[in-house]
Amino acid sequence: MIDLKDVTYCRLGTKDLESAEWFAVNILGLEVAERRKGALYFKSDQRAHTLCYFEGDPADQATAFELGSKADLETAAATLDRLGYAVHQGTAAECEARMVRDFIRFQDPTGNILEFVVRPTMSGRRYHGTRDAGITGFSHVGLCTTDPERDEAFWTEVCNARVSDHIGDAPLMRINEIHHTIALFPFTGPGIQHINHQVAGTDDIQRSLSLIREKNINITFGPGRHPTSTAQFLYFSGPDGMTFEYSTGVCEIHDEPAWRDRQFPFEPTGFCQWGSKPNIAAFQD
Ligand SMILES: [Fe+2]
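Quick note on our numbering: the sequence shown kicks off at 1 and runs consecutively.
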């Protein structure tokens, strides 16, 4: 069993780093942590970075999860290898580019690029966005799946994820007490379906709503409240069509192993209890 501790970062290729920086700083509210040749690193919490845009193909997307130790990483690599996954051992230069001590990379059964990392660099400086978005941290990802049942088994049987709830066939899964850190949404191919940052409260969602409207950014869902996690949310479009989400008030699950996952319908009421309807392909039938 591969014991994932937390989601660590996303890496997104882009043909237009300048536009990606403008959006990340002025709309999303992230802080530029570091500039390197062909890559920009953004901070959203106590970590050295939680998002990296690099010059490349927008389809080149990776999501990283933290493991507890190098020994755990070696065991994970052996497990994945035994199961037939092509595991790439990160080189020193690749570790440096990810600000981690060690990592492996492979593709999940859908083809999503995953990186399992150890000892991601923390920052001695706290996050301070140039705009007051109220972000408290990078919190979860939605990943596309071409076969939710198969991929749920990967996360829950090969890895330590537990299903908190389903929306239709889409599992919302936790790897710690937070209701979900990984969610899988049926789609035609691999990709990061959305990237979530938590914000401190409702006021932050509303403030961002006003700003995002004013800047003519495409709001794709919300504001609303998820009946699953109880989080209030706002989804909007970023560079290269990536969906970003702010949410606040995500519930925690402390009554392990008593918690039983609940089934919600794959229709607007399964996603929002305030009546908002998603304009996001992976959230629609
Ligand atoms: Fe989300």
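Just so you know, even glycine gets a beta-carbon here, dropped at the ideal spot from N, CA and C.
Small disclaimer: the values here were computed from a predicted structure and weren't measured.
### Which residues DSSP lists as bridging C52, in chain order
R11, Y41
### Cβ-based neighbour list, G111, same chain, cut-off 6 Å, excluding 5 preceding and 5 following
P190
#### Entry: Beta-carbon proximity list for T85, same chain, < 6 Å, skipping 5 on both sides
Note that residue 85 is Tyr in the sequence shown here, rather than Thr. Answer for Y85: F106, listed in chain order.
### Query
Where are the alpha helix (DSSP H) runs, 4 residues long or more, that stay fully inside the segment 145-185, in chain order?
148-153
### Query
Of the choices D151, M242, D102, E245, whose alpha-carbon is the least far from that of P171?
D151
### Beta-carbon proximity list for W259, same chain, < 6 Å, skipping 5 on both sides
Close CB contacts of W259 within its chain, under the 6 Å cut and outside five residues either way in sequence, are with I253 (chain order).
### Query
Where do the ends of the alpha helix (DSSP H) carrying R207 lie?
202-214
### Task
Please classify S332: is it buried, with 16 or more other beta-carbons within 10 angstroms of its beta-carbon, or exposed?
Since the displayed the chain opens at 1 and closes at 285, residue 332 lies outside it and no answer follows.
### Task
Just tell me which of V100, S164, G134, A93 has its CA closest to the CA of G201.
Residue G134 is the option with its Cα nearest to G201.
### Query
Under a three-way DSSP split, which group does R119 fall into?
coil
### Message
Nearer than 7 Å: is that true of the beta carbon of N112 relative to any heavy atom of ligand 1?
### Response
no
### Message
Between G191 and ligand 1, is there a pair consisting of the residue's CB and a ligand heavy atom that are separated by less than 7 Å?
### Response
Every heavy atom of ligand 1 is 7 Å or more from the Cβ of G191, so no.
### Query
Is G270 helix, strand or coil when you go by DSSP?
helix
### From M122, G238, V141, residue whose alpha carbon lies closest to that of R98
Looking only at M122, G238, V141, the smallest Cα-Cα distance to R98 is reached by M122.
### Query
Can at least three beta-carbon pairs, one atom from the segment 35-54 and one from the segment 143-158, be found at a separation below 8 Å?
no
### Query
Are Q198 and V250 closer than 8 Å when you measure CB to CB?
yes
### Query
Who sits around ligand 3, taking every residue whose Cβ is closer than 5 Å to one of its heavy atoms?
As far as ligands go, the structure on display features ligand 1 and does not contain ligand 3.
#### Entry: Residue span of the beta strand (DSSP E) that contains S247, given as start and end
243-248
### Query
With distances taken between CB atoms, is the gap from V7 to F65 smaller than 8 Å?
yes
#### Entry: Whole-angstrom distance between T181 and I175, CA atom to CA atom
Rounded to whole angstroms, I175 to T181 spans 7 Å at the Cα level.
### Query
Buried or exposed: P239, going by 16 or more other Cβ atoms within 10 Å of its Cβ?
buried
### Message
Please report the straight-line C-alpha distance between T188 and A281, rounded to a whole angstrom.
### Response
Roughly 10 Å separates the two Cα atoms.
### Query
Taking C-alpha atoms, which residue in S247, H49, P223 lies nearest to R126?
H49
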